[in-house]
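These notes are about the structure you will find just below.
Protein chains: 2
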Amino acid sequence: MDMAELPLARLLLMATRLVADELNEGLRAAGHPDLRPTHGFALNGIGVNGATATQLAGLLGMTKQGVAKLVDSLVERGYVERERNVADGRSVLLVLSSRGRELLSRAEDVQRRLEAEWAEHVGPSQLSALRRGLEQIVRERHAGELPPLRPIW
Amino acid sequence: MDMAELPLARLLLMATRLVADELNEGLRAAGHPDLRPTHGFALNGIGVNGATATQLAGLLGMTKQGVAKLVDSLVERGYVERERNVADGRSVLLVLSSRGRELLSRAEDVQRRLEAEWAEHVGPSQLSALRRGLEQIVRERHAGELPPLRPIW
DNA sequence: GGCTTCGGTCAGCTTGGTTGTCTATTATCG
DNA sequence: CGATAATAGACAACCAAGCTGACCGAAGCC
Numbered sequence: 261m262d263m264a265e266l267p268l269a270r271l272l273l274m275a276t277r278l279v280a281d282e283l284n285e286g287l288r289a290a291g292h293p294d295l296r297p298t299h300g301f302a303l304n305g306i307g308v309n310g311a312t313a314t315q316l317a318g319l320l321g322m323t324k325q326g327v328a329k330l331v332d333s334l335v336e337r338g339y340v341e342r343e344r345n346v347a348d349g350r351s352v353l354l355v356l357s358s359r360g361r362e363l364l365s366r367a368e369d370v371q372r373r374l375e376a377e378w379a380e381h382v383g384p385s386q387l388s389a390l391r392r393g394l395e396q397i398v399r400e401r402h403a404g405e406l407p408p409l410r411p412i413w
Numbered sequence: 261m262d263m264a265e266l267p268l269a270r271l272l273l274m275a276t277r278l279v280a281d282e283l284n285e286g287l288r289a290a291g292h293p294d295l296r297p298t299h300g301f302a303l304n305g306i307g308v309n310g311a312t313a314t315q316l317a318g319l320l321g322m323t324k325q326g327v328a329k330l331v332d333s334l335v336e337r338g339y340v341e342r343e344r345n346v347a348d349g350r351s352v353l354l355v356l357s358s359r360g361r362e363l364l365s366r367a368e369d370v371q372r373r374l375e376a377e378w379a380e381h382v383g384p385s386q387l388s389a390l391r392r393g394l395e396q397i398v399r400e401r402h403a404g405e406l407p408p409l410r411p412i413w
């Protein structure tokens with residue numbers, strides 16, 4: 261045991277890296293081997309409601325051209341489908357395919373598994389405290405709201 | 261307030277993103293405007309003891325050619341100097357320049373500022389709990405050790 | 001109807017990282 | 001010792017993610 265308290269930022273980075281690795285590993289095992297970092301964020305952004313490319317660009321903080329490429333690769337891999345938008349002939353509605361929804365629910369599985377494991381080691385109340393602390397910190401910086409989930413760099 | 265507990269992974273991602281933004285912003289303000297994500301990790305890996313390119317490659321989980329490019333850009337920017345290694349003529353010792361050390365200590369400033377701010381909002385004991393929880397979770401998955409600080413993706 | 005705005009695409013480029021090959025130095029073992 | 005193997009790094013080519021810039025068609029607004 262070391263005396264000094266570790267910088268929280270460092271711990272956050274390490275924990276997040278751990279989660280990312282675990283997600284990658286778990287999804288690979290579940291038949292989703294070739295996921296790139298942004299894929300998850302994009303699928304999450306499209307979600308159950310669908311989204312247009314421009315909305316997604318705003319959400320992820322990248323250009324619509326960048327999103328176009330990203331979406332191409334998601335369509336190729338069978339996670340996303342483009343639907344023509346009846347309300348607005350300019351835009352294309354992006355929706356999750358069943359495979360896309362399946363991927364998201366696998367990701368949730370991994371998260372649940374991780375949390376259960378953590379609860380086992382640090383205790384459920386401690387884990388709750390951790391959750392509350394993080395939530396408060398995040399909300400604090402975003403006017404009480406939760407920010408969109410974006411790739412980190 | 262929402263009833264459902266948010267997935268911890270999501271909170272971690274948001275908090276980490278927050279920290280990353282804050283670090284970028286703070287360092288930009290301190291005269292380090294053009295930092296790329298891996299720069300910080302590399303400088304941290306070199307640290308006060310210095311390191312060789314191959315060591316750094318292992319630490320960051322990338323190829324030594326990749327590291328070579330990375331180090332080039334750090335040398336260009338004046339953060340790192342290459343010293344000839346007396347003990348082993350094949351390898352080159354990478355060390356932080358004074359500007360590099362200055363950068364790291366600015367990063368620590370930002371972290372301290374953030375932690376103080378957090379302590380103010382969630383309370384110091386809550387913050388301690390958060391730190392302990394994260395530390396335990398991270399150590400758990402690395403045989404009790406702290407893993408090296410690596411870029412997340 | 002005609003200007004403006006907006007969603008998306010096409011083309012070209014930058015760049016952070018990769019694989020693959022090569023040289024120079026050090027380590028090993030007869 | 002000297003020959004051979006292993007190691008640190010350099011050079012070159014390539015790849016892919018995301019960017020900028022120019023453009024087109026659909027929709028909104030007088």
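Residue numbers (the numbering used here), protein chains in the order written: chain A, 261 to 413; chain B, 261 to 413. All C-beta atoms, glycine included, are put in the ideal place defined by N, C-alpha and C.
Classify residue i as helix, strand or coil using the three-state DSSP reduction.
i	result
Val327 (chain A)	helix
Glu405 (chain B)	coil
Leu266 (chain A)	coil
Arg410 (chain B)	coil
On the criterion of 16 or more Cβ atoms from any shown chain inside 10 Å, does residue i qualify as buried, or is it exposed?
i	result
Val346 (chain B)	exposed
Gly393 (chain A)	buried
Gly300 (chain B)	buried
Thr323 (chain B)	exposed
Ala302 (chain B)	buried
Arg423 (chain A)	The requested residue 423 (chain A) is not part of the displayed model; chain A covers only 261 to 413.
Glu380 (chain A)	exposed
Trp413 (chain B)	exposed
Gly360 (chain A)	buried
Arg350 (chain B)	exposed
Arg277 (chain A)	buried
Ala391 (chain B)	Ala is not the amino acid found at residue 391 (chain B); the sequence shown has Arg there. Label assigned to Arg391 (chain B): buried.
Val308 (chain A)	exposed
Ala280 (chain A)	buried
Ala403 (chain B)	exposed
His317 (chain B)	Residue 317 (chain B) is actually Ala in this sequence, not His. So Ala317 (chain B) counts as buried.
Glu395 (chain B)	buried
Ala269 (chain A)	buried
Ala313 (chain A)	buried
Ala389 (chain B)	buried
Ala367 (chain A)	buried
Ala376 (chain A)	exposed
Ala289 (chain B)	exposed
Ala311 (chain A)	buried
Residue i versus chain B: which residues are under 8 Å apart at the beta carbon?
i	result
His381 (chain A)	Gln396, Ile397, Glu400
Leu374 (chain A)	Leu268, Ala269
Ala280 (chain A)	Ile412, Trp413
What is the C-beta distance between residue i and residue j, in whole angstroms, given that I count them as a contact (C-beta under 8 Å)?
i	j	result
Gln371 (chain A)	Pro267 (chain B)	5 Å
Gly260 (chain A)	Leu320 (chain A)	In this structure chain A extends from 261 to 413, so residue 260 (chain A) is not present and cannot be described.
Val340 (chain B)	Leu353 (chain B)	With 8 Å as the limit, Val340 (chain B) and Leu353 (chain B) do not qualify as a contact, their Cβ atoms being about 10 Å apart.
Leu409 (chain A)	Leu273 (chain B)	6 Å
Leu287 (chain A)	Leu363 (chain A)	7 Å
Pro407 (chain A)	Thr298 (chain A)	With a Cβ gap of about 17 Å, Pro407 (chain A) and Thr298 (chain A) do not count as contacting.
Check the Cβ of residue i against every Cβ in chain B and list those closer than 7 Å, keeping chain order.
i	result
Pro407 (chain A)	Met274
So which residues of chain A does residue i contact, with C-beta pairs closer than 9 Å?
i	result
Arg410 (chain B)	Leu273, Met274, Arg277
Pro297 (chain B)	Ile412, Trp413
Gln371 (chain B)	Pro267, Leu268, Ala269, Arg270
I want to verify the contact list: residues of chain A whose CB lies under 8 Å from the CB of residue i, in sequence order.
i	result
Glu265 (chain B)	Ser388, Arg391
**Request:** Report the residue ranges of all beta strand (DSSP E) runs contained in full by the region 279-345 of chain A; include only those spanning at least 3 residues, in chain order.
**Result:** 340-344
**Message:** If we require 3 or more residues per run, which beta strand (DSSP E) segments fall completely within the region 347-396 of chain B?
**Reply:** 352-356
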